[in-house]
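According to my numbering, the sequence shown is numbered sequentially starting from 86.
So the structure is just underneath, and the comments pick up after that.
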Amino acid sequence: MSDTEVTRREFLAHVGAGVLMVSSGSSQASRRGNMAVERIDCSRKSRYWEGEPPFPRAVPHPIFYSPEEIARARKRVSTQDWAKRYLDGLVRSIDRRKILEMSDEKIREGISEQVNIPMPRCPVDRRRRGWRDHFWDWYSDDPGHIRCKICENVFPGEAHEPVGELEVVGPAGKVVGYQYWEDDEGIRYFFDNVLLNYTQARIVGMADPLATAYVLTGEKAYAHKAAVILDRIAEVYPNYPVHGLGTYYASADRRGFYENQFFKDPPFPFVSARMGNYHASPFSDASRAYGFSQIYDMISDSGTIEDLSTHLGRDVRKAIEQDLLYEAIRHTLEIPHRATNYDGGRLKGLGLVGRMLDEPEFVHQAYQLFQALIDNCYLYDGYWAEDTLNYFAMITRGVVSIPEVLSGPGGIDVYGEMPYLKQIYNAPMGLFMPDGRTLMANDTWNETTLGRKPSTAIGLMGRFVEAADEVSGVSRIPVADVEFALFRRSSETSRKVNFDDLLALVPQNYLLPGAGNVILGVGKSKGAIRTTFSYGPWGGHHHYDSLSIGLDAFGQELLSDIGYTHTHYREWATAVGSHNTVVIDGQQQTREGGRLISFHPASEQKVGLVAAEVPGAFEGSTKYRRTLLLVPTGSETGYVVDLFEVEGGTVHDYLVHGSADFDQTLITDLALESAEGEMVVSGDGKDGALYAYLKCTQKSDIVGDSTLRFEGEGTKVDIRLLDNHA
86 MSDTEVTRRE FLAHVGAGVL MVSSGSSQAS RRGNMAVERI DCSRKSRYWE GEPPFPRAVP
146 HPIFYSPEEI ARARKRVSTQ DWAKRYLDGL VRSIDRRKIL EMSDEKIREG ISEQVNIPMP
206 RCPVDRRRRG WRDHFWDWYS DDPGHIRCKI CENVFPGEAH EPVGELEVVG PAGKVVGYQY
266 WEDDEGIRYF FDNVLLNYTQ ARIVGMADPL ATAYVLTGEK AYAHKAAVIL DRIAEVYPNY
326 PVHGLGTYYA SADRRGFYEN QFFKDPPFPF VSARMGNYHA SPFSDASRAY GFSQIYDMIS
386 DSGTIEDLST HLGRDVRKAI EQDLLYEAIR HTLEIPHRAT NYDGGRLKGL GLVGRMLDEP
446 EFVHQAYQLF QALIDNCYLY DGYWAEDTLN YFAMITRGVV SIPEVLSGPG GIDVYGEMPY
506 LKQIYNAPMG LFMPDGRTLM ANDTWNETTL GRKPSTAIGL MGRFVEAADE VSGVSRIPVA
566 DVEFALFRRS SETSRKVNFD DLLALVPQNY LLPGAGNVIL GVGKSKGAIR TTFSYGPWGG
626 HHHYDSLSIG LDAFGQELLS DIGYTHTHYR EWATAVGSHN TVVIDGQQQT REGGRLISFH
686 PASEQKVGLV AAEVPGAFEG STKYRRTLLL VPTGSETGYV VDLFEVEGGT VHDYLVHGSA
746 DFDQTLITDL ALESAEGEMV VSGDGKDGAL YAYLKCTQKS DIVGDSTLRF EGEGTKVDIR
806 LLDNHA
């Protein structure tokens, strides 16, 4: 793929890296015949449940959904078309996977004793790839192979026989072997492990549909298979070792490869887990325990757990509660907590498992952490402090159900204690373009605009609108989240929400004063004009973009922000030099937040205005203020007037970046000549504003007014620079 065949955003989306290392502080090496053997000790001195009240606990079920909610859901699947279609789809997915036809033993064989160690890279093309990206195809009709999406080679082949084995002593003391093949650079490939993980994910992923199908139909066959899956997970989980990247994601992002490590003793690092799919993400044990506890709760009254216990000659209910749910939460509590966008799964796991196992300490800790998360990580306008719509959706999708999880028998009335939560659910609805694309700011995921496809993020907003409506007692939209609507929605509706239902809720103008996000707009059609403005405080996933602007018209982002990338170009995507703002003396911006001076919405009849300032945006700056006006020229058109006032420093660069989605031609009345590297004020341009990333720069002497035009894909952006000395 050549540079000329892709857009800027597409290019950044395809660049990456990859390698794997496995290490431990407690290991021994030996040989078994021709095979190298390394033993890693991750055993514990005692089990988590030793000294605790015995299991199973005498807690009545169901808990997650009340009997009244279950009865309501069963009625809806027999009377409402949207609910019928949901159940029909659920049953079809179960039939398609043939899980009911699988023997119990086959299901058990498909759930591995091993934790997942991802592929480091392709053994053939050996390209460096971003560790977060998925580069492999796996198919259930050929479960013994994976295919590289880049070179299309299939692995493992005859040349990839195992040459070594890791023997990992699990927390409960059992030794589990992980065989690997090693290339000539010493990189290890755990092919069997990767293949087992694909099969396991396919089987374990059926437990929730099976349990839900049982609740909605009452058919015990569904509950039985879900019980078999839970029992097998409870059997292998005690020997799943803690593993993962370590302390931070950032180090892996910089290296560009997955460096797995095993850990023996707490406190365990942030990016580690005992359960993880593809990689061990923070708090994934609690998140998985939340899902497993729902499944357990939904099938608890079916009698299948008791039947399975009789068949196996052991207490399956005890194993699920003690060896899976309780142990997963106790392990999670050994990871030092810090509020992040991964908190949803952690808090829901703590809360629901706490209620099911009569552990009030878990419930109250979940509630206290939830309060701290809301108070410290959401801004006063209700928006998530990391200031991207994707991360708002990620964390809020995880926490929107926490009030229901914590409420009820053995729980807390969260909405009664925190009635302001509906402000959070409503906060992001203004951060969309007229056609539904996401506002590009900070670490917005580029998939939401790449290829000019409407953002899927607006679909996620439906869940939040539905939750806010349930709290407020109103009904603005039809069904958004089917499972929520089936069980918990009090109002009736005859259909599911569609794209236009959600677009109708998006205002033309919007201000989030805490986040510092502003949109001025005229018109509601999908091609209507919008100009965006950012002045907010620094937070995680933030860019150096104080007082940056954007322009959106004709359904295109015409003055762009690259958004998020995990590639080596990330430093450029976050630097002030890649944003539509002013740079002083080639420096990087500081992390100082801004102050809103004035905001007036635009309309077909009225000029819109926003003004804000960040006096300390650069070292040495004393004034850094921008005033933006949107002047309407019709029902959905207008032009932007931009006044930027800067004091401090010597060189002030006014930067404007065209589209990141398609090629444009620059047309100007200026006489241009080569100026390669001349924007760099000092050094080599590899620090500060990172001007070294700018290639083929040109210059011109500007006298009086000047004009420039970005032209491409049927769009024209005219920029007129007025002589400020006139």
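Backbone N, C-alpha and C define an ideal beta-carbon position, used for all residues, glycine too.
Keep in mind that this is a model prediction, so the values were computed, not measured.
For Gly635, the enclosing beta strand (DSSP E) has its first and last residue at Ser633 to Ala638. Checking the DSSP bridge columns, you'll see Leu432 has no partner listed. One alpha carbon belongs to Leu571, the other to Asp554, and they sit about 15 Å apart.
Per DSSP, Asn475 is one residue of the alpha helix (DSSP H) stretching across Leu474 to Val484.
Annotated as distal: Tyr629 and Val603, with beta-carbon spacing of 9 Å or more. Exclusion of the five residues before and after Pro145 leaves no residue of its chain whose Cβ lies closer than 6 Å to its Cβ. Closest by C-alpha distance to Gln641, out of Phe747, Gly678, Gly679 and Val741, is Phe747. Contact annotation, Ala774 with Ala660: C-beta distance approximately 6 Å; criterion of less than 8 Å satisfied. CA-to-CA, the gap between Gln673 and Glu471 works out to about 20 Å.
Linking Val556 to Pro513 through their CA atoms gives a straight-line distance of about 17 Å. Annotation for Gln199: no alpha helix (DSSP H) segment contains it, and DSSP assigns it neither H nor E. Shown here for Pro256: same chain residues with a beta carbon closer than 7 Å to its own, the five before and five after excluded, namely Cys127, Ser128, Arg129, Pro323, Asn324 and Pro326 in chain order. By the criterion of a C-beta distance shorter than 8 Å, Tyr283 is surrounded in its chain by Trp223, Pro228 and Ile231, once the five residues flanking it on both sides are discounted. Residues Ile192, Ile288, Met291, Leu295 and Lys310 of the same chain have their beta carbon placed closer than 8 Å to that of Ile184, with the five preceding and five following residues left out of the count. Boundaries around Ile682 are those of the beta strand (DSSP E), Arg680 to His685, since no alpha helix (DSSP H) includes it. For Phe348, the uninterrupted beta strand (DSSP E) run begins and ends at Gln346 to Phe348, by DSSP. At a cut-off of 3 residues, the continuous stretches assigned as beta strand (DSSP E) that sit fully inside the segment 558-604 are 595-597. An exposed status is given to Ser131, since fewer than 16 other beta-carbon atoms sit within 10 Å of its beta-carbon. By the C-beta density criterion, Cys233 is buried, having at least 16 other C-beta atoms within 10 angstroms. Distance from the Cα of Lys771 is smallest, within the candidate group Glu656, Ser575, Asn461 and Lys169, for Glu656.
If you look at Gly398, you'll find it isn't in any beta strand (DSSP E); DSSP assigns it neither H nor E. The beta carbons of Gly797 and Gly743 sit closer together than 9 Å. Assignment of His245 by DSSP, reduced to helix, strand and coil, places it in the helix class. With respect to the 9 Å criterion, Pro519 and Ala613 are classified as neighbours on the basis of their beta carbons. In the structure shown, the three-state DSSP call for Arg522 is coil.
With a 10 Å radius around the Cβ and a threshold of 16 neighbouring Cβ atoms, Val438 comes out buried. Taking the Cα of Ser178 as reference, the smallest distance to any Cα among Ile509, Asn278, Tyr307 and Ile196 is reached at Tyr307. Lys507 sits buried, since 16 or more C-beta atoms from the chains shown fall within 10 Å of its C-beta. Leu474 and Tyr150 have their C-alpha atoms roughly 30 Å apart. DSSP places Thr164 in the uninterrupted alpha helix (DSSP H) bounded by Pro152 to Thr164. Where Asp316 is concerned, the enclosing alpha helix (DSSP H) starts and stops at Lys305 to Val321.
Within the same chain, Asp498, Val499 and Tyr500 come within 8 Å of Ser492 by CB-CB distance, once the 5 residues on both sides are set aside. Here Ile125 really is in contact with Phe347; their C-beta atoms are around 5 Å apart, less than 8 Å.
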